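**Student:** One structure is given below, represented as structure tokens, and several questions about it will come after.
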Amino acid sequence: MMTPNKHAAVAGSTVRAGVLLLLATLVSGCIWVEDTADLRSYVQQTQAKPPGKIKPLPEFKSYEAFIYQGASLRDPFQPLIELVVEEDQGPVSDLKPDTDRPKVYLESFPIDGLSMVGTITSLDGGNLWALLKDPKGEIHRVSNGDFIGLDYGQVREVSELGLELVEIIENGRGGWMKRPRVIALPEEE
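In terms of our numbering, the sequence shown opens at residue 4 and continues consecutively.
Written out as structure tokens, the structure is:
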């Protein structure tokens, strides 16, 4: 019959044998290479190369402290004067475009789409007309009093250098206001 001490000794030796068998199995997975000549030649070639240059660290500018001295000045985000918002003022004047008038062809284009390409004078020398080119490439004759543009523009004066007109546009408060515009004849190069 086995005593408990002998039983523990047999179990301990069995555990040791299992651990040794496991270590032997793991170590057998490692392969020892006898010929390492290629590795040695690679190391020698690498060591024979000139060493690389390491760039020096960049110089950092030292921090300069700044003392803000504008704290006692006026806040730039506050208005200089108190703004008074008036309630619905309504239209400023009785000015309004004539919407009953039938529109002419040149009122279907924005002013920026029209360009002045020249002027012509009547045979008697009395009338001066501006020649405007529309976005479609067509040329039109315009004189004082003619309407052009989308914003009810009316030609006030035609000259050799361009034409002046006045448009009637909304003022943003439910009314209308006049805005002068100029279409200049481009300078020749």
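Positions of the beta carbon are idealized from the N, C-alpha and C atoms, including for glycine. Keep in mind the model is a prediction, meaning the values are calculated, not measured.
Enumerate, from N- to C-terminal direction, the unbroken beta strand (DSSP E) stretches of 3 or more residues contained entirely within the stretch 109-163.
**Tutor:** Fully enclosed beta strand (DSSP E) runs of 3 or longer: 118-124, 131-136, 142-145 and 156-161.
**Student:** Would LEU204 pass as a contact of ILE186 if the rule is Cβ separation under 8 Å?
**Tutor:** Any property of residue 204 remains undetermined from this structure, which presents the chain solely from 4 to 192.
**Student:** What runs of the alpha helix (DSSP H), each 4 residues or longer, lie entirely inside the stretch 39-87?
**Tutor:** Fully enclosed alpha helix (DSSP H) runs of 4 or longer: 40-51.
**Student:** If you reduce the DSSP assignment to three classes, tell me which class ARG182 lands in.
**Tutor:** Along the sequence shown, read from residue 1 onward, the residue named residue 182 stands at position 179. Residue state, collapsed to three classes: strand.
**Student:** Using a Cβ-Cβ cut-off of 8 Å (strictly less than) and excluding sequence neighbours within five positions of LEU109, which residues of its own chain qualify?
**Tutor:** Here residue 109 corresponds to residue number 106 of the sequence shown, with the count starting at 1. Answer for LEU109: LEU117, LEU135, ASP137, HIS143, VAL145, ASP149, PHE150, ILE151 and GLY152, listed in chain order.
**Student:** Apart from the five residues on each side of it in sequence, which residues of its chain come closer than 6 Å, Cβ to Cβ, to ALA27?
**Tutor:** What you label residue 27 is simply residue 24 of the sequence shown in a count that begins at 1. Cβ within range, chain order: n/a, list empty.
**Student:** For LEU26, name the three-state secondary structure that DSSP assigns.
**Tutor:** Locating residue 26 in the sequence shown gives position 23, where the first residue counts as 1. The answer is helix: DSSP assigns LEU26 an H, G or I state.
**Student:** Could you tell me how far apart the beta carbons of GLY156 and GLU141 are, in whole angstroms, since I believe they sit closer than 8 Å?
**Tutor:** Counting from 1 along the sequence shown, the entry for residue 156 is found at position 153. Counting from 1 along the sequence shown, the entry for residue 141 is found at position 138. Between GLU141 and GLY156 the Cβ distance is about 18 Å, and since that is not below 8 Å, they are no contact.
**Student:** Tell me the DSSP secondary structure of VAL18 in three-state form.
**Tutor:** As a working mapping, residue 18 is identified with position 15 in the sequence shown. If DSSP states are grouped into helix, strand and coil, VAL18 belongs with the helices.
**Student:** Run through DSSP, which three-state label would GLY165 get?
**Tutor:** The residue given as residue 165 occupies position 162 in the sequence shown. Reduced to three states, the DSSP call for GLY165 is strand.
**Student:** Leaving out five residues on either side along the sequence, give the residues of the same chain with a beta carbon under 7 Å from the beta carbon of PRO113.
**Tutor:** As a working note, residue 113 is residue 110 in the sequence shown. Result list for PRO113: GLY152 and LEU153, in chain order.
**Student:** If you run the structure through DSSP and keep just helix, strand and coil, what is GLU191?
**Tutor:** By 1-based counting over the sequence shown, the position of residue 191 is 188. It is coil, neither helix nor strand.
**Student:** Can you round the beta-carbon distance between VAL98 and TRP179 to whole angstroms, since I take them to be within the 8 Å contact cut?
**Tutor:** Start at 1 with the first residue of the sequence shown, and residue 98 comes out as number 95. Start at 1 with the first residue of the sequence shown, and residue 179 comes out as number 176. The sequence as given places Leu at residue 98; Val does not occur at that position. The Cβ separation is near 5 Å, so the contact holds.
**Student:** Does DSSP put PRO94 in a helix, in a strand, or in coil?
**Tutor:** Numbered from its first residue, the sequence shown carries residue 94 at position 91. No answer about PRO94 holds up, because its pLDDT of 49 lies below 50 and its placement is not dependable.
**Student:** How is GLU37 classed by DSSP in three states: helix, strand or coil?
**Tutor:** In the sequence shown, the residue the question calls residue 37 occupies position 34. In this structure, GLU37 counts as coil in the three-state DSSP scheme.
**Student:** Since I believe TRP132 is in contact with VAL158 (beta carbons under 8 Å), could you give me their beta-carbon distance rounded to a whole number of angstroms?
**Tutor:** As a position in the sequence shown, residue 158 is number 155, starting the count at 1. As a position in the sequence shown, residue 132 is number 129, starting the count at 1. Their Cβ separation, rounded to whole angstroms, is 10 Å, which puts VAL158 and TRP132 out of contact at 8 Å.
**Student:** Are the CB atoms of ARG184 and ILE172 nearer to each other than 8 Å?
**Tutor:** Translated into positions along the sequence shown, residue 184 becomes position 181. Translated into positions along the sequence shown, residue 172 becomes position 169. Contact flag unset, no.
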